[in-house]
Structure formats: C-alpha cells, structure tokens
Amino acid sequence: MRTPLLLSVVLLAACASPTSGSIAATGAGQRSLGAQTEVARTSAWLADMDRGVDQFGPGELEVQDPAAADGATFLELSSLSVNVHTIGPMARYEVEHVFHNGTDQMLEGTFRFPLPAGSIVTGLAMEINGELMDGEILERDKARKIYQDIVDSMRDPALLEWEAGQTFKLRVFPIEAGERKRVVMRYMAPLQPDDDAPSGFAVAIPSAAPAMQTSIPALTVRVDGREVVQRRDHSARENLSVALDRANVPAYVQESSGEQMYLAARLDLDWAAVASPITQIEQRRTVIVVDSSRSALESWALASEAVATVLAGLGPDDEFMLVTGDLETRVFAEDFVRNNADQRAAALAFLAQIQPDGASDLGALITRVGEALSHAQSGDQVVYVGDGTPTWGTTDREQLAAQTLAALAGAPLYALSVGKRESRDTLEALTGGTGGRTLRPQSVPQVQAFASFLERAPQVRRVAKLELEVPGVEQVHAPLSTTLFEGERPVVHFRVAKGEPVPTQVTVRGWAGGLRFEQVVELGEPLAQVGVRQQWAARELAATSDKAAAVALSVEHSVLSKHTALLVLESEEAYERYDIERRNGPNANQNADADAPEVSGRNLDADGGSPYLGPGDLQPGDPEIHIPAPRDALSVDVVFPFGETKSARWEHELGQWTVRFLVDDDTEPGTYEVLVRVTHANGRVELLNLEYTIDVEAPQLRLELRVRDDGAFDVFAHQVLSEADAARERVEGRRGDERASTLDAKRVELIMPDGQTLDLRVGMRGHFVRRWVPRGEVEFPATVTAVVADRALNSRRVELSLEGPS
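At position 254 of the sequence shown the residue is numbered 645 (my numbering), and the sequence of numbers has no breaks.
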C-alpha cells in the first residue's frame, strides 16, 4: 500500500519557558516580569516574549471513532523518546512517538505536533508496513503532484501540512486494529536562556500534556548521548527542561562540507563597557501609534487588545497620546493626557469607532509623532501597532528609517507587529535605529509581557543600530533585530572557503547612550559539530527572495522552506519510481550515477532556465466567497482546506452570503475548493462544495475629466476589465467563453497634478468620481498617481495620464 506524507511549510511556533535546575518541570506560563526581576535577566524576558506562552509538547493523534460521544477520540501515546544533541547555539531534536490503536477497528487519524519558536525542520519519518520510512524535501508543486497521483490511484491519503496557528497536521490512514503507529519528527531549535544553568542555557523537552491522557507510560530523554530521563507513567502535565553545562554549549562551532566551512558564533559582549542607561525617570510619555489601514482588518481585535494592555501597563502619573492612521491621521487628543481610568476608556472608545480601511501612509504617522515629541523628555517612548507595510507616501525603507530617527528625537520605537502582511524588515529598520525592539505577539499574554518590559526597558543597557564585521567574510548573517539589550548574546552565521583562514574575532559596532560604540569579541578556535551547515542554510533561506534559489538551497541542505515540502513514500521502490534522489534513509545517495542527470527536487515540468517566474511569484490577493444560501439561513460556515472555519454573513448590497479573508503571502494564485455547511431555517443542514479564486491582480483604470457647470471638474475612474476579471467570474458561475462584465474595484485614491489627494466615490454605474477644483493652472495631458484596491484587497499604485476635459 502506498502511503505518502506531505509536509508543506516550516512552522515558527511558541514554546513554554524552561526553568532552572539540571532537570526541571515547567508549565505553560510565562516567567514573571515583576519589579523584583533583575536587569541581568533581560535576555530571558525577551526570549519569553518571542516564544509566547502557548504550551508546546509531544504530538497527539486524534482519530474518528464512531463509538465516541462526539465521533472523535485520541489514541494513547504509549511511548515518547526525545533525543537531543546540542550544536552551538541550537539543539537537534529527534522526537519519536508511538501510538497504540487499542480498538478492534481500522481508524483514520490526524496527528498534530507543535514546534518551538525559531525551529528548523530537517526531517520526517513514519512507520509504514513495519518499516520506518524517511521523507525527502522536494519543490512544493512537484511533491504535491506526486502525492496527488498516489492519492488518486490508492485512495488512502496521509498528508502532513502546516495548520493555521502553531502546529503541523498529519493525516494518518490506515491505522489497523491493535497496530502501533510510529511517527518521528526531526528539527533544530534554539537553546533557551536559563540564568541558573552553568552555561546560561537549557534545552526544552516536549513532554507536556497530550490531550488524550494524564500520563505517558514510557518516557526516555537523552541529551548529548546521556540518558537523563527514564520514566514510567510520566506526568504529562509537565514539560521538562535540562540545564546544560558549559562544555555542552561551545560559543564557536564549524562544519566542513564540500569546498566550504560553515561557522556559527555566539557573541558575549562586555556590557560593563556599554554606556549606562537612565536610572531615574520621573514621568513617562508614551505615543501609541496604530495602523488602521485595510491590511489591519483581520488583526484589528488583537491590535485593540494590545493598545488596552499597553495603556494598562502605564503608571497613574504617566501620560499618553493615541494616534491612528491610514491615508488619514487621527489623534485621540491633540496633546498628551494623564493615564487615568477615564482617559483610557475614552481612548479605547475612540479606537473602537474606527473601521480599518484605505492605504497605509507610514511616513505621515511618523511626521505626526515627531510633532508630538517636538519637546523631548527623557521618559519618552513610542509604541507602534501594525504590520509596518507602507502603501502610500514614502515607501522606501531607508528613507522611513532616517525619518523615524530624526522625528523621534532620541525616543525609542517599539513595534508590535500584527497582521499577515507584516514587513518585518521595515519594522526592524525603524525600531533598531532608535534602540527599540520589534515583537510579533500571537496572544494577549505576550503583549502583557511586552508592557512589563516597557516599564523596565529604560534602565537596561542597549546597543542600537547594530553592525557586525567578520574579517575576510563578505556576507554575515546577523540577528534580525538591530538592537541588543543587556544580557543578550547574538548569534552570527557565515562561511569561508576551505583553505582560507578561519576568522578569530568579530567587531561589534553601534550606538549606546548617544555615543558611537565599538567592541572586538574574540572567538578562539571553532569546535567541529554536525548541523552548523543547516543552521547557515536556514539563515540564508530567510535572506533569499528568489524562489528558484530558495528551492535549490532547501533541497541541497535538507532544510524545509515555504517553497518546498517533505514527502514520505511507502518504500525505496516508490522513491525510485518517481525519480526522487535519496538524501535521507538507508539508501541515501548510494544509487547516484555521476553521469546521470541530477534530480534536484525542483518542478521538472517547468522550463529549465527560469522555472519559477510567473503569477505564482506575485503577491496573491485575498479572496471572497459568495454562497448560494437563502437569506433566512440560521448560519453559513465555510471550512477551508487548511483546517480553519469562518462564518459567512448576509450582505444586503450583494444579496448574498459572503465570507472574506486574508491569505498568506506565499499562497499560490488559482482556484481552491471549500466545504460549506448551511444550516437552514428549519434546522436542516446542507453541505456544498464550492470554489474560490485567489486573485493576484489589482484592477486596471482609465481616467476621464469632465467640466462641471460650476467651472470645476469631475474626475472619473473607469475600471478596464481584463482576463484576470474573467477568471474571477468563471468561478462565480459565468461561462468560460464570456467576457468579464462585473467590476470588483472598491476604492480609488488619486494624487492630482496640483498635489491634492482625492478619495473617489462610487458612482451610479460602477465608476468612481470626485469633484476637483485645481489649485492654479494645470497643463494637459497631466500625470496622476493612482492607488486602486479591489474587493480581494489587491492594490496597485500606478502613474496614469489625464487628458484634458471632454
């Protein structure tokens, strides 16, 4: 029986914080950031905020069981084996689960496995017909085609894919009666800061509460070849952490492969040489800036919670200002107000009245913040809540960073990155230049930890605008954040050609206390360890925007990326049948023929020269689904292929049930299927299979100018229908040979030749129109800058020609 598995994307999930001691138990909570916490624990604070508070643990296998009350139950996890090897700044994990089907029935199940933050997925294996089969990393479309071919022929799919949230999801079928099913996940994860460990680090062991049982019958944990846990009936309510000795955590490691040597170095700065921070602040002033553009639509609830949490974390003598912005900048109060209960309630009420819409003018927001901080004080700070993606005005990252540095007058900028369209590079450039930090919260407790950190951050030494130089190395993968706080030990990755001198020092430059800072960190001799090459590859992948290069890198180094997938087949013969080179498993590379064409894992159906250029490389738009259900239906729920369920709503303007949603940036454009569950007024439930299109093209426009009776002009914007619109309509029920006729443009904004910005309104016949009174003489034809967005939230910024009035 062929049983394929497909792992589609790498997951950066949250994990619980380890506690001190050689072997310690740790629950799901986050360490306290109370006033008694020492500044020396800053690195642990920041690590906790980045990881979040959601508990990680072993995987669980949920099965469909007709005998269960709700039709589902969990198989027993009969044994768990965790094997950990430290590799410099990270640890390599092999987590083996053995589940037992104690029923007399053949079952189908879903295996879910959460991963720690910053993980690098390197492998997957599953027991099939009594043999443990290792998967291979392939180009994603190629893997999907092979998987679908097997599913179509055998009808017994087993699919491993990313599930929205923090876990991988694996469909497992069949699970025979009485069978023990073995699933192995392989990944690397960063070491966790532990101030009480001899090395300052620990490894977190995924052993906390599976949903299906209160204990694990057999638990084995090995760390660096030493058995540290061998338990029967382990209490599964607890995760474990194992403190590491200094010898197990070398600061400088290397791995040689081919003609290259890959190196990773952890830098320990002399913080006593860094300028002392502010020790006493009489009053804090905080400017909270909230992105209210259309991209904030789905994250608006978390953004609002974040604002409330930050306000609650301020002291009663502190002052705040609340600013929101899309194309328009709005201010709760024209000046700073005292942080009392009435002002907080009024500010949150002001925020609740805002409906996210329009483009994002980040430069205008920065200008407004600069006006508020024109008379700077030592306790000033700025908190930005949004995705950091500018779509109007200044959009260049370097220009925005320079503008921020000048406008904030020494105040640090902290960013809470929310929304699916985050521009992390832009946010890091803005926060790092001012001595702040960017955090991507997934939950309110993470924001609470951030608010606690804000209170103590002014008292912590820091190095801003971080730059790292390794002599003789052109490309150094430095930390994403360009501000270091006291206690943090950044990790750098780089490589050198074999035979070249091995670097022995790193120069750290930046700004501290308003002064230029420079320090040389000596590295010593690197220790050889396996896995450094994959760590470098993961950092290289994060910096690679070219899809073809990313696929080649992912396959070569066996590191999963968003463009590749892990595929597990039933036998070695199956891999040979599909011409998949074996890089993992017992026959890895043994059958390679030097004269044979290389099977790289790429999509072999594509052109050889540039196999990945095309619509799939464009940023996809966000779809909407129209459901043919009666208006009096009690509910209409849409179940998506990635496991999420959304409720549709009745829209009077369209006369239809509609659901709109955001999709990840790497989602390929095209047509997708969903299951729709309609609950009718009489209680009858109807299931529908519908399609939706991910639309990647913003509408095209044509401008027209007409003279009004009062001497002013009407500016008209007409949508020009294209083949992309026809494709959208085919999904909505039109025949393939018909031309598009419906308009999906939703918003049009124009910057006119005289500098005025016009927000056009929808006219009676679907066009957009706005009255324009030019400021002075205008020569035609003139150039107009237009931003147009459609119902799928695609936007286009273009220069259009405006002819004279007709």
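Note that CB positions come from ideal geometry on N, CA and C, so glycine has one too. In this text the structure is predicted, and so the values were computed from the model without any measurement.
query = From residue 1111 to residue 834, what does the alpha carbon distance come to, in whole angstroms?
reply = 42 Å
request  = State buried or exposed for residue 799, treating a residue as buried only when at least 16 other CB atoms are found within 10 Å of its CB.
outcome  = buried
key: Assigned secondary structure, residue 874 (DSSP; H/G/I helix, E/B strand, else coil)   = coil
key: Integer-rounded CB distance, given that residue 665 should sit under 8 Å from residue 903   = 5 Å
inquiry  = In whole angstroms, give me the CA-to-CA distance for residue 998 and residue 947.
reply    = Confidence is the limiting factor: at residue 998 the pLDDT is only 32, short of 50, which leaves the residue's position unreliable, though a coordinate-based value still follows. Roughly 20 Å between the two C-alpha positions.
message = Using only CA atoms, which one of 1043, 960, 654 lies nearest to residue 563?
response = 960
query = Which two residues bound the contiguous beta strand (DSSP E) that contains residue 1109?
reply = 1104-1111
ask   = Taking all protein chains shown into account, do 16 or more other C-beta atoms lie within 10 angstroms of the C-beta of residue 630, making it buried, or fewer, making it exposed?
value = buried
inquiry  = Considering Cα atoms alone, identify which of 494, 476, 480 is closest to residue 465.
reply    = 494
ask   = Is the CB-CB distance between residue 624 and residue 598 below 7 Å?
value = no
key: DSSP state of residue 645 mapped onto helix, strand, coil   = strand
Which of helix, strand or coil DSSP assigns to residue 941 = helix
message = I need the straight-line Cα distance from residue 791 to residue 821, nearest angstrom please.
response = 7 Å
message = Taking 8 Å as the cut-off, does the stretch 669-683 touch the stretch 638-654 (at least 3 CB pairs, one atom from each stretch)?
response = no
task = For residue 730, count neighbouring C-beta atoms within 10 Å of its own C-beta (all shown protein chains included) and say buried if the count is 16 or more, exposed if not.
result = buried
request  = Could you check the C-alpha separation between residue 930 and residue 884 for me, to the nearest Å?
outcome  = 8 Å
message = If contacts are defined as beta-carbon pairs under 8 Å, then residue 717 and residue 683 qualify, I think. What distance do you get, rounded to the angstrom?
response = 5 Å
key: 6 Å Cβ shell around residue 571 - same chain, five flanking residues per side excluded   = 489, 491
key: Span separating the alpha-carbon of residue 532 from that of residue 816   = 28 Å
ask   = Using the rule of at least 16 other Cβ atoms within 10 Å of the residue's Cβ for burial, across every protein chain shown, is residue 1171 buried or exposed?
value = exposed
request  = Let me know the secondary structure DSSP gives residue 923 once reduced to three states.
outcome  = helix
task = State buried or exposed for residue 1138, treating a residue as buried only when at least 16 other CB atoms are found within 10 Å of its CB.
result = buried
task = Determine the closest residue to residue 482 out of 1047, 920, 536, 587, with distance taken between C-alpha atoms.
result = 920
ask   = Per DSSP, what kind of secondary structure is residue 673 in: helix, strand or coil?
value = coil
inquiry  = Would the stretch 466-479 count as touching the stretch 513-527 if we require 3 or more Cβ pairs under 8 Å?
reply    = no
ask   = With contact counted as at least three CB pairs below 8 Å, one residue from each stretch, are the stretch 652-667 and the stretch 884-895 in contact?
value = yes
request  = Could you tell me how far apart the beta carbons of residue 747 and residue 688 are, in whole angstroms, since I believe they sit closer than 8 Å?
outcome  = 5 Å
request  = Starting from the Cα of residue 805, find the closest Cα among 785, 778, 782, 787 and give me that residue.
outcome  = 778
ask   = Opposite residue 1027 in the DSSP bridges: which residues?
value = 1069
request  = Check whether the stretch 835-852 touches the stretch 698-709, counting contact only when three or more Cβ pairs, one atom from each stretch, lie closer than 8 Å.
outcome  = yes
query = Among residues of its own chain, excluding the 5 on either side of residue 1167, which ones have a beta-carbon nearer than 8 Å to its beta-carbon?
reply = 1145
inquiry  = Quick check on the burial criterion: 16 or more other C-beta atoms within 10 angstroms. Buried or exposed for residue 506?
reply    = buried
request  = Could you check how far apart the C-beta atoms of residue 579 and residue 477 are, in whole angstroms? I think they sit under 8 Å.
outcome  = Not quite, the Cβ-Cβ distance comes to about 10 Å (not below 8 Å), so this is no contact.
query = Do residue 1092 and residue 897 come within 7 Å of each other at the CB atom, strictly closer than that value?
reply = no
request  = Give every residue of the same chain whose Cβ lies closer than 7 Å to the Cβ of residue 783, excluding the five residues on either side of it in the sequence, and list them in chain order.
outcome  = 718, 750, 751, 752, 1178
request  = Under 6 Å Cβ to Cβ from residue 1050, same chain only, skipping five residues before and after it: list those, please.
outcome  = 1016, 1029, 1037, 1039
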